[in-house]
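Here the structure comes first, spelled out in structure tokens, and everything after it is commentary.
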Amino acid sequence: MNMSEQNTPSAAGAHTTNNGAAGTETSAPYGSTAPRRRTRIHHLREYKRRGEAWAMLTSYDTYTARIFDQAGIPVLLVGDSAANNVYGYESSLPITVDELLPLVRAVAGAAEHSLVVADLPFGSYQASPEQALHTAVRFMKAGAHAVKLEGGRRYADHVEALVAAGIPVMGHLGFTPQSEHGLGGYRVQGRGDQAENLLADARTLQEVGAFAVVLEMVSSDAAKRVTGELEIPTVGIGAGPECDAQVLVWTDMAGLNTGQTPRFVKRYAEVGNELARAASEFASEVRDGQFPTSEHGFD
Numbered sequence: 001m002n003m004s005e006q007n008t009p010s011a012a013g014a015h016t017t018n019n020g021a022a023g024t025e026t027s028a029p030y031g032s033t034a035p036r037r038r039t040r041i042h043h044l045r046e047y048k049r050r051g052e053a054w055a056m057l058t059s060y061d062t063y064t065a066r067i068f069d070q071a072g073i074p075v076l077l078v079g080d081s082a083a084n085n086v087y088g089y090e091s092s093l094p095i096t097v098d099e100l101l102p103l104v105r106a107v108a109g110a111a112e113h114s115l116v117v118a119d120l121p122f123g124s125y126q127a128s129p130e131q132a133l134h135t136a137v138r139f140m141k142a143g144a145h146a147v148k149l150e151g152g153r154r155y156a157d158h159v160e161a162l163v164a165a166g167i168p169v170m171g172h173l174g175f176t177p178q179s180e181h182g183l184g185g186y187r188v189q190g191r192g193d194q195a196e197n198l199l200a201d202a203r204t205l206q207e208v209g210a211f212a213v214v215l216e217m218v219s220s221d222a223a224k225r226v227t228g229e230l231e232i233p234t235v236g237i238g239a240g241p242e243c244d245a246q247v248l249v250w251t252d253m254a255g256l257n258t259g260q261t262p263r264f265v266k267r268y269a270e271v272g273n274e275l276a277r278a279a280s281e282f283a284s285e286v287r288d289g290q291f292p293t294s295e296h297g298f299d
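Residue 17 in the numbering used here sits at position 17 of the sequence shown, and the numbers go up by one each step.
Okay, here's the thing in structure tokens:
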């Protein structure tokens, strides 16, 4: 099935509801102006059941959100990777809730069909389930449809509290960037004896209600095992081809990031080179008096 057809209004029809019964999604009550078909968390589980892989991309602004939404990307992640890709920090650790909230509003406001997931940044949820709930509520009020947090069994109570409050939660295991110092840097996870811990964390996240789990920089064998044993989807990034879905940071995927890219990234375009060419041509035409011309002015 074409994913963009699945989620566009023209593909209206019966969708599986949260309780598994067949039903047709209608417009929201209380003043909604028009129904819009959107990817929901139960659709992602249905994709797994049918063996249909799906894609997730990061997005931090209105324009990329609209483009990716129209391209049929089912899930957009407003990631704490905005720390590097928007604010220019060296890691994801410095970014704050207040810095991420405007990005969530921009993406959620532009995406008509994609499920928008917001990352809970470092320091905004670790202290307690109550802190996690407070932070997650702020993101949901900004327009997010779900949140993502890093960590396994130690955060079971946090995930359970969010789910109980009606907030969908995506987990994140393997290499967790917010814990890079504790993990000893950028190291592949899930090898050898680590595989059992990874599986135990994944099972716990499923048990407490997470709707999906990101597996980052995990050995392919471990990722395959986790994917096979979970009922909820796994989303791989550097975790091999056996995950139910794949996610990339869009600036890596499209070649806007001109620095070194991780081994697991495939560049599908060279947007950075094209922007540099366009900017150079603009500057040259201004300098040479070729722009603007009379056609760009008013009488």
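Backbone N, C-alpha and C fix where the C-beta goes; we use that ideal spot for every residue, glycine too.
Inter-residue spacing [alpha-carbon to alpha-carbon] between His134 and Val286: By 1-based counting over the sequence shown, the position of residue 134 is 134. By 1-based counting over the sequence shown, the position of residue 286 is 286. Rounded to the nearest angstrom, the two C-alpha atoms are 51 Å apart.
Are the Cβ atoms of Ser92 and Ala83 separated by less than 8 Å? As a working note, residue 92 is residue 92 in the sequence shown. As a working note, residue 83 is residue 83 in the sequence shown. Contact: yes.
Can you tell me whether Tyr125 is buried or exposed? The criterion is at least 16 other CB atoms within 10 Å of its CB, across all chains shown. On the sequence shown, residue 125 is found 125 positions in, with the first residue counted as 1. Label assigned to Tyr125: buried.
How close, in whole Å, do the beta carbons of Leu215 and Val235 come, if the pair is a contact with beta carbons under 8 Å? Residue 215 sits at position 215 when you count from the first residue of the sequence shown. Residue 235 sits at position 235 when you count from the first residue of the sequence shown. That pair is a contact at about 7 Å.
My guess is that Thr261 and Arg267 are in contact by the Cβ rule of under 8 Å, so how many angstroms apart are they, rounded? For this step, residue 261 is matched to residue 261 along the sequence shown. For this step, residue 267 is matched to residue 267 along the sequence shown. Indeed, because the Cβ distance is near 7 Å, the residues count as touching under 8 Å.
Where Glu99 and Leu120 are concerned, what is the direct C-alpha to C-alpha distance, given to the nearest angstrom? Within the sequence shown, the letter at position 99 stands for residue 99. Within the sequence shown, the letter at position 120 stands for residue 120. Cα to Cα, Glu99 sits roughly 11 Å from Leu120.
Simplified DSSP assignment, three categories, for Leu120: Position 120 of the sequence shown, counting from 1, holds the residue named residue 120. It is coil, neither helix nor strand.
Assigned exposure category for Pro241 - 16 Cβ within 10 Å defines buried: Taking the first residue of the sequence shown as 1, we reach residue 241 at position 241. The residue is exposed, with fewer than 16 neighbouring Cβ atoms inside 10 Å.
In whole angstroms, what separates the C-alpha of Leu149 from that of Val97? What you label residue 149 is simply residue 149 of the sequence shown in a count that begins at 1. What you label residue 97 is simply residue 97 of the sequence shown in a count that begins at 1. Near 13 Å, if we compare the C-alpha coordinates of Val97 and Leu149.
So the candidates are Ala144, Ile167, Gly174, Pro129; which of them puts its Cα closest to the Cα of Tyr155? For the purposes of this step, residue 155 is identified with residue 155 of the sequence shown, where counting begins at 1. Per the Cα distances, Pro129.
Three-state secondary structure (DSSP) of Met56: For this step, residue 56 is matched to residue 56 along the sequence shown. In this structure, Met56 counts as strand in the three-state DSSP scheme.
Buried or exposed (CB count within 10 angstroms, at least 16 for buried), Tyr60: Position 60 of the sequence shown, counted from the start, is the residue given in the question as residue 60. Buried.
Rounding to the nearest angstrom, what Cα-Cα distance links Leu173 and Gly151 in this structure? Here residue 173 refers to the residue found at position 173 when the sequence shown is read from its first residue. Here residue 151 refers to the residue found at position 151 when the sequence shown is read from its first residue. Cα to Cα, the separation comes out at about 6 Å.
Skipping 5 residues on each side, what residues in its chain have a beta carbon closer than 7 Å to that of Val226? On the sequence shown, position 226 is the one that residue 226 refers to. If we look at Val226 and ignore the five residues flanking it on each side, its Cβ neighbours are Leu198, Leu199, Ala202, Leu215, Thr234.
Which runs of the beta strand (DSSP E) fall wholly inside the segment 155-238 and span at least 3 residues, in chain order? 169-174, 212-216, 234-237
For Gln290, does the three-state DSSP call read helix, strand or coil? Here residue 290 is taken as the residue at index 290 of the sequence shown, counted from 1. Reduced to three states, the DSSP call for Gln290 is coil.
Contact defined as beta carbons within less than 8 Å: I believe Gly209 pairs with Val147. What is the distance between those atoms, to the nearest angstrom? For the purposes of this step, residue 209 is taken as the residue at position 209 of the sequence shown. For the purposes of this step, residue 147 is taken as the residue at position 147 of the sequence shown. The pair is not a contact, with the Cβ atoms about 12 Å apart (cut-off 8 Å).
Status (buried if at least 16 other CB within 10 Å, exposed otherwise) for His296: Taking the first residue of the sequence shown as position 1, residue 296 is located at position 296. Per the 10 Å Cβ criterion, exposed.
Buried or exposed, going by whether 16 or more other CB atoms sit within 10 Å of the CB of Ser10? Sequence index remark: in the sequence shown, residue 10 carries index 10 (1-based). Low confidence applies here, because Ser10 scores a pLDDT of 35, under 50, leaving its location unreliable; read the following figure in that light. It counts as exposed.
Proximal residues to Phe122 (C-beta, below 6 Å), its chain only, five neighbours per side dropped: Residue numbering aside, residue 122 sits at position 122 when the sequence shown is read from its first letter. Contacts found: Leu93, Gln178.
Rounded straight-line distance, which links the Cα of Gln246 to that of Gly192: Residue mapping note: residue 192 aligns to position 192 of the sequence shown, counting from 1. Residue mapping note: residue 246 aligns to position 246 of the sequence shown, counting from 1. Answer to the nearest angstrom: the Cα atoms are 23 Å apart.
When you compare the segment 271-289 with the segment 69-89, are there three or more beta-carbon pairs, one atom per stretch, that lie closer than 8 Å? no
In terms of residues, what are the limits of the beta strand (DSSP E) holding Val97? As a position in the sequence shown, residue 97 is number 97, starting the count at 1. Element bounds for Val97: not the beta strand (DSSP E) but the alpha helix (DSSP H), 97-110.
Checking 8 Å against the spacing of the C-beta atoms, do Ala118 and Val104 come in under that value? Numbered from its first residue, the sequence shown carries residue 118 at position 118. Numbered from its first residue, the sequence shown carries residue 104 at position 104. Result yes, Cβ atoms of Ala118 and Val104 sit closer than 8 Å.
Between which two residues does the beta strand (DSSP E) containing Lys148 stretch? Here residue 148 refers to the residue found at position 148 of the sequence shown. Residues 146-148.
Exposure label - Thr303; buried when at least 16 CB within 10 Å: No answer is possible for residue 303: it lies beyond the span of the chain, which begins at 1 and ends at 299.
Whole-angstrom distance between Glu270 and Ile73, CA atom to CA atom: The residue labelled residue 73 in the question sits at position 73 within the sequence shown. The residue labelled residue 270 in the question sits at position 270 within the sequence shown. The straight-line gap from Cα to Cα measures roughly 20 Å.
Check whether the Cβ atoms of Arg66 and Ala108 sit closer than 8 Å, and answer yes or no. Taking the first residue of the sequence shown as position 1, residue 66 is located at position 66. Taking the first residue of the sequence shown as position 1, residue 108 is located at position 108. No, the Cβ-Cβ distance between Arg66 and Ala108 is not below 8 Å.
Please work out which residues of its chain come closer than 8 Å, Cβ to Cβ, to Ala161, disregarding the five sequence neighbours upstream and downstream, and give them in chain order. Within the sequence shown, numbered from 1, the residue matching residue 161 stands at position 161. Cβ within range, chain order: Pro129, Glu130, Ala132, Leu133.
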